Each structure stands twice: as C-alpha cells, then as structure tokens.
Amino acid sequence: MFFTLPSSRIFTRNASKNTTGYNISKGRFCHALTSAKTPSVTRRDKDGVFIERDGRDSSYNVVSIFYGQALALHVPLPEFEAALPAAMAWQLTRIKETGEVDVTGNTRTGVGKEKSYSGEPKKVNSNEVIFALTYYGLVHKDAAALAAADRVFAHSHPK
Numbered sequence: 001m002f003f004t005l006p007s008s009r010i011f012t013r014n015a016s017k018n019t020t021g022y023n024i025s026k027g028r029f030c031h032a033l034t035s036a037k038t039p040s041v042t043r044r045d046k047d048g049v050f051i052e053r054d055g056r057d058s059s060y061n062v063v064s065i066f067y068g069q070a071l072a073l074h075v076p077l078p079e080f081e082a083a084l085p086a087a088m089a090w091q092l093t094r095i096k097e098t099g100e101v102d103v104t105g106n107t108r109t110g111v112g113k114e115k116s117y118s119g120e121p122k123k124v125n126s127n128e129v130i131f132a133l134t135y136y137g138l139v140h141k142d143a144a145a146l147a148a149a150d151r152v153f154a155h156s157h158p159k
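Below you can see the structure in the form of structure tokens.
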C-alpha cells in the first residue's frame, strides 16, 4: 500500500506522524522515513514535477513541496532536497501575476474533476501554497518564491 500512494500523501503522512511523535514513540521513525523517501521522490515527471494521478497538478505538487520541507526539518532528505528546485521552478510558473494559482491542465484540483468531502469541486489550498513558497524562499533566499507567496496571499486573503 505504501508504494501506491502519491508523493503528496506519502510526505503528508510522514510529516504529520513525525510532528506528533507517532513514529518516534513506536520506534518506527527511521523505518517509515526510509520507506517514504524513495517512492515520494521518484514520483516525478521528466522535468522534476511531483506527479499526481499520472500528471501535473499545481496544488498537489505544492503539497509535496510543503510537507517534504516539513519532513526534512526532522531528518536529512538529500534526494528530496535535490528534487526540490525543479519542482519549485515549475510551481512558480503556475502563479499568475494576480496571485491566482493556475489550474489549467491539473489532474485533480481546480478543474472540477474531483469532489472534496463536502461534495464541492476540489480547489487549490492557497495556505499550503503560501507556506511552501515562503519556506522555500526563506531557506533558499529565493526572492521570486517570496514574491509569489505575497501575490498568492494578497489574492486569497483580500482585505
């Protein structure tokens, strides 16, 4: 089951368990992380974008970036760190000047292909986009990522 999950779920699952201490308290910390690293990092297309449902999705790519960065706070993830610039470069092309996240061609979110738990079509999680871009921008001193985060914030949190 673990290897059939998309990279976004693998990163999310492990980041959430690590921050709650679940894997540490159960003595499975290293095993779970080792199991997650390879499939989550290799589920990328030829350009380095984290894939979701056999294609690109501007929301799920950023979920992989966001939770991968959170997981990397706890343990070294050199494969993820090496994959991160390409995934982020594509993500930045998906942020419009208005701050809207471009969903054109997405495999799951923002295009009405899938419904959320409430029955509404899935949308891009703007807060995760903002957090991922901000964290990446601060750590890598990337002004473009920080500017994109500011645009997404302004668009998604109007005054």
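Heads up, the sequence shown is in our numbering, so the first residue is 1 and it goes up one at a time.
Yeah, the Cβ is synthetic: ideal placement off N, Cα and C, and Gly gets one too.
Please read these numbers as outputs of a predicted model, since none were measured by experiment.
Of all the CB atoms in chain C, is at least one closer than 7 Å to the CB of residue i?
i, result
"Asp57", "Protein chain content of the structure displayed is limited to a single chain, and chain C is not contained in it."
Quick one: grab the DSSP three-state call for residue i.
i, result
"Pro121", "strand"
"Val152", "helix"
"Asn23", "Caution is warranted here: a pLDDT of 47 is assigned to Asn23, below 50, making its placement in the model unreliable, and the coordinate value is therefore given only provisionally. Three-state result, Asn23: helix."
Exposed or buried, what is residue i when buried is set at 16 or more other beta-carbons lying within 10 Å of its beta-carbon?
i, result
"Ser118", "exposed"
"Val160", "Because residue 160 is not part of the residues shown, which for the chain are 1 to 159, the question remains open."
"Val139", "exposed"
"Glu52", "buried"
"Thr42", "exposed"
"Ala70", "buried"
"Leu77", "buried"
"Ser116", "exposed"
"Ala82", "exposed"
"Leu84", "buried"
"Gly55", "exposed"
The alpha helix (DSSP H) with residue i in it runs from where to where?
i, result
"Glu128", "126-140"
As a quick exercise: from the options, pick the residue whose alpha carbon is nearest that of residue i.
i, options, result
"Gly68", "Met88, Val111, Lys96", "Met88"
"Glu100", "Ala154, Lys122, Lys113", "Ala154"
"Arg151", "Val63, Thr93, Lys115, Val139", "Thr93"
"His157", "Tyr136, Ser126, Leu138", "Ser126"
"Ile95", "Phe80, Asn61, Lys159", "Asn61"
"Asn106", "Phe66, Gln91, Ala72", "Gln91"
"Glu97", "Ile65, Lys159, Ala144, Asp47", "Ala144"
"Thr134", "Asp47, Pro85, Asp45, Ala147", "Ala147"
"Lys123", "Lys113, Ala132, Arg56, Ile130", "Lys113"
"Arg108", "Ile65, Asp45, Ser58, Lys159", "Ser58"
"Asp102", "Asp142, Lys141, Val129", "Val129"
Counting only runs that start and end within the segment 37-83, where is the alpha helix (DSSP H) found for 4 or more residues in a row? 58-72
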